[in-house]
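Student:
In my numbering, the protein residues as written are 4 to 417.
1. Apart from the five residues just before and just after residue 176, which ones in its own chain have a Cβ nearer than 7 Å to its Cβ?
2. Pop quiz: residue 83 and residue 118 are said to be a contact at Cβ under 8 Å. What is the actual Cβ separation, rounded to whole angstroms?
3. Hey, would you say residue 313 sits closer than 8 Å to residue 127, going by beta carbons?
4. With a threshold of 16 other CB atoms inside 10 Å of the CB of residue 91, please say whether the residue is buried or exposed.
5. Pair every Cβ in the stretch 211-226 with every Cβ in the stretch 20-27, then say whether three or more of these pairs are closer than 8 Å.
6. Sort 343, 287, 41, 267 by Cα distance to residue 239 and report the nearest one.
7. Measuring straight from C-alpha to C-alpha, what distance separates residue 264 and residue 404?
8. So, are the CB atoms of residue 49 and residue 162 less than 8 Å apart?
9. For residue 134, count neighbouring C-beta atoms within 10 Å of its own C-beta (all shown protein chains included) and say buried if the count is 16 or more, exposed if not.
10. What is the rounded straight-line gap between the Cα of residue 400 and the Cα of residue 228?
11. Assign residue 19 to buried or exposed, taking buried as 16 or more other Cβ atoms, counted over all protein chains shown, within 10 Å of its Cβ.
12. Which runs of the alpha helix (DSSP H), 4 residues or longer, sit entirely within the stretch 198-252?
13. Using C-beta distances below 6 Å, list every residue in its chain close to residue 254, excluding the 5 sequence neighbours before and after it, in chain order.
14. For residue 294, count the other beta carbons within 10 Å of its own beta carbon; 16 or more makes it buried, fewer makes it exposed. Which is it?
15. Do you know offhand how far residue 15's Cα is from residue 237's?
16. Is DSSP giving residue 418 helix, strand or coil here?
17. Taking the Cβ atom as the reference point for each residue, do residue 183 and residue 107 lie within a distance shorter than 8 Å?
18. Apart from the five residues on each side of it in sequence, which residues of its chain come closer than 6 Å, Cβ to Cβ, to residue 208?
19. Run through DSSP, which three-state label would residue 370 get?
20. Residues in the same chain with beta-carbon distance under 6 Å from residue 368, minus the five sequence neighbours each way, listed in chain order, please.
21. Which value, in whole angstroms, describes the spacing of the CA atoms of residue 298 and residue 216?
22. Tell me whether the stretch 332-345 and the stretch 149-168 touch, counting them as touching only if at least three CB pairs, one residue from each stretch, are closer than 8 Å.
23. Alpha carbons only, please: which of 326, 300, 319 is nearest the one belonging to residue 339?
24. With three or more beta-carbon pairs closer than 8 Å as the criterion, would you say the stretch 142-154 touches the stretch 52-60?
25. Within this structure, are the beta carbons of residue 98 and residue 394 separated by less than 8 Å?
26. What residue ranges within the stretch 292-331 form continuous alpha helix (DSSP H) runs of no fewer than 4 residues, ordered along the chain?
27. Between the C-alpha atoms of residue 281 and residue 290, what's the straight-line distance to the nearest angstrom?
28. If you measure between the beta carbons of residue 125 and residue 158, is that distance less than 8 Å?
29. Considering just the uninterrupted stretch of the alpha helix (DSSP H) at residue 122, what are its terminal residues?
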């Protein structure tokens, strides 16, 4: 029976690949245009946005800085999210830089045995997020022509992300490889332990600074080439599926789901496109004839779901580890649903507060050129990253010292 199932799966995959190849030949011109569009998105937006953060993430891990921050952040991350302190680095980098750097860092943490299998699966499920510049600049301003909507999208995205992260602390799989190499020494204060972790990690790595920078650059470029390939592939795949009529096949099912909630049928195509790729799905939602609140609710869900293109990138980032994709995929579903619900409740209050913030946009070109320049983007993301990490460390140390004070007072009372 098992062999029959395997043969059926192999035959099905082969048939799909053959049909897709035939479709590429038939619709070669449209596929070429879609590939060029995906290439522009990768080269003009994704590559310059992610490259410096990928390189710095590799360097900071090699220098032991991530281990240092992990010790300082343990008092916050462990009780709230049930992940090690180093998870905060993946969380912060994911918030600042967007997909798929959270998954990239989590995969590296698991390879270095800085988190257990279950902790890694929790971590990758809520740290792989969209960056604020994409939601505010590209989607709100570039697609909807309305800057105030960026605040709604960003707040809904991150609030729902935190809800998913807190909910995942109850995820306890039966199979959980716990072969971690964390230092469980609790003697001394938290700063002494943090510096001890930094020195030990640096000695264990052993590479010179020059070699470390070279390896980090090479690894980051290879990763970004893979991401570029996925973006182009799914851009072509989405276009071909639309041309062969696949979207019409699943339209009825989506209409059946949307109808009880009163959503406009013009949102069906954006949802189908968003299942595969968030940028095209968000743009189609902005161009639909539905009421604005419905368009924003669907867009919020699409961004949180992130699309099969991003899921494929995540699968590549965690390849070679024992992290499973199933928890991540379920988390994306819940994140999409929760983000849409949060957007529903936030839309009217926030729109009333910021009703004067309207920026007209006359062309789709603003979807790509949504920053003043590369250095402006880099400065904003770096500043946001440092502020967020600083806030997390301050909160973690506050929790640590409160516990210490309570412990001292308890001993004194005895």
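Just so you know, even glycine gets a beta-carbon here, dropped at the ideal spot from N, CA and C.
Tutor: The relevant details are as follows:
1. 121
2. So it is not a contact: roughly 15 Å between Cβ atoms.
3. no
4. buried
5. no
6. 41
7. 48 Å
8. no
9. buried
10. 39 Å
11. exposed
12. 212-246
13. 271
14. exposed
15. 20 Å
16. This structure does not reach residue 418, given that the chain is present from 4 up to 417, and the question cannot be answered.
17. no
18. 65
19. In this prediction, residue 370 has a pLDDT of 41, which is less than 50 and means its spatial position is unreliable; what the coordinates show is noted afterwards. In this structure, residue 370 counts as helix in the three-state DSSP scheme.
20. Summary for residue 368: the model assigns pLDDT 43, below 50, so the residue's position carries little reliability; its value from the coordinates is reported in the next sentence. Cβ within range, chain order: n/a, list empty.
21. 44 Å
22. yes
23. 300
24. no
25. no
26. 295-308, 310-320
27. 14 Å
28. no
29. 120-130
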